[in-house]
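Worksheet for the structure shown next.
There are 4 protein chains.
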Amino acid sequence: MNTTEIRIAVVGTGRMGLTHAENLARRVRGARLVAVTTSNAERVVEAHRALGDVTIYPNLDALLAAGGLDAVCISSSTSAHADNVVQCAAAGLHIFCEKPLALTLADCDRAIVAAEHAGVQLMIGHVRRFDAGHIEAKRFIEEGAIGNPLIFRAISGDVDPPPPSFADPAVSGGLILDAMYHDLYLSSWLLADEPVRAYAEGGALVDPAIGAVGDVDNAVVTLRFAGGALGTLYVSRTCRYGHDLRVEVIGDEGAVQIGRLRQTPVRLLDRRGVHHDMPRTTPDRLGEAFVVEVQAFVDCLMHATPPPVTGQDSRATIATGLAATRSLHEGKPIPISNAQHPDKT
Amino acid sequence: MNTTEIRIAVVGTGRMGLTHAENLARRVRGARLVAVTTSNAERVVEAHRALGDVTIYPNLDALLAAGGLDAVCISSSTSAHADNVVQCAAAGLHIFCEKPLALTLADCDRAIVAAEHAGVQLMIGHVRRFDAGHIEAKRFIEEGAIGNPLIFRAISGDVDPPPPSFADPAVSGGLILDAMYHDLYLSSWLLADEPVRAYAEGGALVDPAIGAVGDVDNAVVTLRFAGGALGTLYVSRTCRYGHDLRVEVIGDEGAVQIGRLRQTPVRLLDRRGVHHDMPRTTPDRLGEAFVVEVQAFVDCLMHATPPPVTGQDSRATIATGLAATRSLHEGKPIPISNAQHPDKT
Amino acid sequence: MNTTEIRIAVVGTGRMGLTHAENLARRVRGARLVAVTTSNAERVVEAHRALGDVTIYPNLDALLAAGGLDAVCISSSTSAHADNVVQCAAAGLHIFCEKPLALTLADCDRAIVAAEHAGVQLMIGHVRRFDAGHIEAKRFIEEGAIGNPLIFRAISGDVDPPPPSFADPAVSGGLILDAMYHDLYLSSWLLADEPVRAYAEGGALVDPAIGAVGDVDNAVVTLRFAGGALGTLYVSRTCRYGHDLRVEVIGDEGAVQIGRLRQTPVRLLDRRGVHHDMPRTTPDRLGEAFVVEVQAFVDCLMHATPPPVTGQDSRATIATGLAATRSLHEGKPIPISNAQHPDKT
Amino acid sequence: MNTTEIRIAVVGTGRMGLTHAENLARRVRGARLVAVTTSNAERVVEAHRALGDVTIYPNLDALLAAGGLDAVCISSSTSAHADNVVQCAAAGLHIFCEKPLALTLADCDRAIVAAEHAGVQLMIGHVRRFDAGHIEAKRFIEEGAIGNPLIFRAISGDVDPPPPSFADPAVSGGLILDAMYHDLYLSSWLLADEPVRAYAEGGALVDPAIGAVGDVDNAVVTLRFAGGALGTLYVSRTCRYGHDLRVEVIGDEGAVQIGRLRQTPVRLLDRRGVHHDMPRTTPDRLGEAFVVEVQAFVDCLMHATPPPVTGQDSRATIATGLAATRSLHEGKPIPISNAQHPDKT
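Residue numbers (our numbering), protein chains in the order written: chain A, 140 to 484; chain B, 140 to 484; chain C, 140 to 484; chain D, 140 to 484.
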């Protein structure tokens, strides 16, 4: 792209959309935030408060009709992702889309094909890949510091459950696809291998409202990889003590551990012992990585290089998540078939 | 037992036997180490070096024939445990037996029945229950500090694999029964619940010699408990960076984490960063707990109270381990049936 | 100030000046970076690279002549601070000035009086007061969590010494005034007390070039406070393992510890032990606090509230630093007389 | 000493005396605890409870009259140390004496000369030298891992003050000699240098009863060493959050840090953050080192090798402590003259 500035709009102004919009407005070099979309009157007020005089369109149609864009950042609800990607690709816009790309492999394929046919870039928001800890761990592994990586061990915990309307698997894809998504991707990325079988156990152990919409609030997943490596993952919506994101990769000569159990660099010591805080929210733990991630997208457009996380990466992650989710319901291990869409054959 | 001193002998002088013998000789109040057994000439020398002028018998028969004992500490090879227990019970001796009690449930029942019929105490060596960290975690859980415990998450790593002759499942019971045994027990103890289903994946990912004798060197196990709680466990014989024993129990209001990643209280800081050591051996991490454990056995005998870890506790742990091991070989989740021996009905 | 945007220029484009300029350009709400000054051709290039199309003036005179400003951020060399403050105050501009305000109490008084007479705000750059760790520690102390604070214990270490030309006490004020400045201020702020006596020992223990210009590269300082509390401080220019900023305040019922020994949230574990990195630069440790600090200045101007760190705060810190520096040279404890300038009486 | 067993008695059955007696009775190879002394009826009961059927003499005269000893462990009150050493040396017994050897240099010299003239070994109880952390740090320094050691930084905190009768400087030597003693010694040992000047500030900041007997409860000390290195030390009797023993040695290429802020390997995490315990007593932190220390003494006697900590080591530490104590009272730095007794010239 032969330009010094990428004109970009954010589709959707939920929590993630506003974060991306603020970063694009202030922190990402080479980007100009042109507009955001929301049909919600409260969100309009909130967006103006956070972003100043940015133009706000009621929906994607209006945004595209106005023109003047190089790219979009899609932060709508997951169920709208595929249609949004198809529509933006048809408009010739480069696309950054929040994870997951879709809730079905068919929708993934539809979105991927649309971007390919339109010749636009499609990058998916795998934010933890842009966190300094994960980057350093990947570097250690690639340099051979832990030998051959064998085991991926992870925990992803949110402090409190979302509203049942959000947890509803029809909206979120269910606990595993929604909240274990990053770990499923990171396992493949860090082990440099593909999962071939998934087994899951879980339950609505804490929040009956989540059970009522057909989901679980805690689950554990076992993965077997093509090269023999193993994954053991735990995900929770009820990790009251903090937003606990930890990954370990154990190799045949050592291990890397990513994560931390302290947020603010201060400890209180009294007669009862030593006390400190924990990260409690995603921005606490990953705030800077969101800037690095969107910067990477803008840099790709500036330098016409392929994005670091593609639609196929998200599709493969979703295939794993769907298999694990099926295992959760069927009570047996499920082979993971990550057959790609016909165009790729 | 109406006495001020328990006369005790140690059966077997492998690494664990010598540890128990030294602790009984020097560190356990109320115990008098009377003798040890070994038929191995090198071990005789080693035992004298460690224990001084202790009497050494070539085998259990000779030890029992000599008499003068109140109790025995059985540290022979696992496959001999059940026979040893039966023989010592018949001699009217109280018994401390290293874990696991046996490699089959039938042998467990045989040993348990023998002790019951003889009216002698039978305690099994579940050393981690006597570690200050695990004790404190149990206390936190019982006091309600984490709410209702839901998830048991554990890692048990040995630095290097044992010789294949030891790893042989016919001798060791296989990786899960041998090296995940403590975590299987701790999961029930800390969650105060019983596992009802196990799923395992594993492989001889590092050491082909272990594969050659029919075992794996790394495995992950998922447990489901009767009350809905979940377990996610990882065990390794090739955890090169240290003897890594960590347990987390996550409840609906908090969590406890047991374990540590530093042994000596010193850090080296240089231009490359911060460096410190890890526990590398079981005595590094649990040395004091072995004293506390055998002290608990001796105290039970002194005060005629029931032992804190019974034959049934070991039997239940073995039942779980056998189910997980079967899952490992059959590729599907296995229900855990922990039906007790007829006398208990 | 009845405005929605503060027009601000940065005087000086060294490392600190560029940091402030970038933050003002992108991260501080309510600020508009209008210009920077530098007479150095290389810095002009660097400033354009970092800041885009910002206007660059060769010096403060040219900047003031151009007009159109509400405020300035003075990041020139310390020896120019007082003159810069006087000139900007005369121009009616609000002033943020990097620490220390000056190298003599007389210059401090000149600058403070100029700002007072001009009726402009004068805030000094005490960045660590805006770090989340220090803020939390202050809150703990004020809430009584440690009882009565008694002891201030600190270390401030830079990885490598600056060039001798910079270390020259005529330029930097010497090690204590330059590099222990923040700890001297924090001791008063956190103990809520004033130092009355200082004793220092130090030496050019590592870098003879620093000795050659008349300074030391490592020093320890003892402070006694009016209320009886004690300070024990260490400062180093040769802390090779990292940028080590740690503060402890110990009270009669507990303590707070600020600081950390890990930067990236990743650990490498191998056969030699556990390894992780350290903060190595000021932005590593305090990057976000620089944004919060300048935001606080802009917010003061927007809401016409007094700045959280005043010229008098810097003057008192400098008085302590001068006493400690004198002790270093005279080999005896020096009383701290922090008599204020005549206007304050 | 041509024997396989050292017959040893413990003089004094206070807390330290009982600890040594228990270790000698059970944990030290090659030692046989023969007797203890106490004139206190309660202590007689306590000693029997802890040690079983050990012989108890009312005083040192009675112990020496009974004979049958190779060595003594002197754990009487500090003011009695020198006389006890002289008397035991005259009886031809090897001597382990708790630190400090005495409260005056003259008494030190008297004790040292007595042992030399009698040709008996005299070892002083510098327990931290036998702690794994300090040993490892010394090894790192000797291997050059931190370059040239420059700075010794330490904290020694006891949770609560002793009774004023014990704190009385006539009994204890005062806070610095009593509670900073180990750090004063460690500074010389770890830096491999001798202090030449001391400056101290302190106060009875918390406990007026300590002030009433003429002592302080918190103090900071600065040391300058012959080679230019510096020490900055803090000691407290009111460190409510724990028994905090930390030492850092910073060199021109790195640093070592000794100490830890966690005792039990367990953490509690709840909605308020992360919580863990601290060491609270000397046995919590140094329990094992007391065994290693007395083992070292017994090994010296068995192998006729010189003790690792001599009377001269204690004398030099006391000289430093006396200088720092004088500085505390006189308000100026005090040169440390560690002239040795005439026999050494």
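Backbone N, C-alpha and C fix where the C-beta goes; we use that ideal spot for every residue, glycine too.
Counting beta carbon pairs with one atom in the segment 244-258 of chain B and one in the segment 175-183 of chain B, are three or more of them shorter than 8 Å? no
Given a cut-off of 8 Å, decide if Val388(A) and Ile294(A) are closer than it, judged by their beta-carbon atoms. It is not a contact, given that the beta carbons lie outside the stated cut-off.
So with CB distances below 7 Å, who are the chain C contacts of Thr403(A)? Near Thr403(A) (Cβ distances below 7 Å), the residues of chain C are Ala271, Gly272 and Glu275.
Can at least three beta-carbon pairs, one atom from the segment 297-314 of chain A and one from the segment 395-408 of chain A, be found at a separation below 8 Å? no
Please determine if the segment 185-200 of chain C and the segment 239-247 of chain C are in contact, where contact requires at least 3 C-beta pairs separated by less than 8 Å. no
Taking only the alpha-carbon atoms, compute the straight-line gap between Asp299(A) and Leu344(A) and give it to the nearest angstrom. 13 Å
The ligand MG and Val386(A): does any heavy atom of the ligand fall closer than 7 Å to the residue's C-beta? With respect to the ligand MG, the structure shown offers nothing to examine, as it has no ligands at all.
What residues from chain B crowd round Val413(C), counting only those whose CB sits closer than 9 Å? By Cβ distance, chain B contributes Tyr380, Gly381, Leu400, Arg401, Val413, His414, His415, Asp416 and Met417.
Flag Arg424(B) as yes if its beta-carbon sits less than 8 Å from any beta-carbon of chain C, otherwise no. no
Contact with chain A by Arg410(C), beta-carbon distance below 8 Å: It does: the Cβ of Arg410(C) has a partner Cβ on chain A nearer than 8 Å.
I want to know whether the segment 366-386 of chain A touches the segment 374-390 of chain D - three or more CB-CB distances under 8 Å. no
Helix, strand or coil for Pro404(C)? Go by DSSP, reduced to three states. coil
Within 8 Å (strictly less), CB to CB, does Arg292(A) reach chain B? yes
Reference Ala241(D); option with closest CA among Pro288(D), Ala210(D) and Leu316(D): Checked all of Pro288(D), Ala210(D) and Leu316(D); the closest Cα to Ala241(D) is Leu316(D).
Given this structure, state the Cα-to-Cα distance separating Pro301(A) from Ala348(A), to the nearest angstrom. 10 Å
Relative to chain D, which residues along the segment 297-329 of chain C have a C-beta separation below 7 Å, given in chain order? none
DSSP three-state assignment for Val266(A), whether helix, strand or coil: helix
When DSSP labels each residue in this structure, what does Ile147(D) get in the three-state scheme? The answer is strand: DSSP assigns Ile147(D) an E or B state.
Collapsed DSSP secondary structure at His468(A) in the structure displayed: helix
Which residues in the same chain have their Cβ closer than 6 Å to the Cβ of Thr143(B), if we skip the five residues on either side of it in sequence? none
Quick check on the burial criterion: 16 or more other C-beta atoms within 10 angstroms. Buried or exposed for Gly206(B)? exposed
Beta carbon of Leu261(B) nearer than 8 Å to that of Ile234(B): yes
Let me see if you follow: with CB-CB separation under 8 Å, is Gly367(B) close to chain A or not? yes
So for Gly460(B), helix, strand or coil by DSSP? helix
Please say whether Phe364(C) and Thr158(C) have beta carbons closer to each other than 8 Å? no
Of the choices Gly370(D), Val173(D) and Phe305(D), whose alpha-carbon is the least far from that of Leu325(D)? Among Gly370(D), Val173(D) and Phe305(D), the Cα nearest to that of Leu325(D) is on Gly370(D).
Could you tell me which of Asp356(A), Arg292(A), Glu340(A) and Ala160(A) sits nearest to Arg146(A), measuring between CA atoms? Ala160(A)
Could you check whether the Cβ of Val345(A) sits closer than 8 Å to any Cβ belonging to chain B? yes
Does chain D have any CB closer than 8 Å to the CB of Val395(B)? yes
Quick check on Leu261(D): does DSSP put it in helix, strand or coil? strand
Can you give the beta carbon distance from Ile290(D) to Tyr320(C), rounded, assuming they're within the 8 Å contact cut? About 19 Å separates the two Cβ atoms, so there is no contact after all.
What residue range is occupied by the uninterrupted alpha helix (DSSP H) comprising Tyr320(D)? Tyr320 to Leu330
By how many angstroms is the C-alpha of Arg336(A) removed from the C-alpha of Thr449(A)? 23 Å
Asp200(B): buried (16+ other C-beta within 10 angstroms of its C-beta) or exposed? exposed
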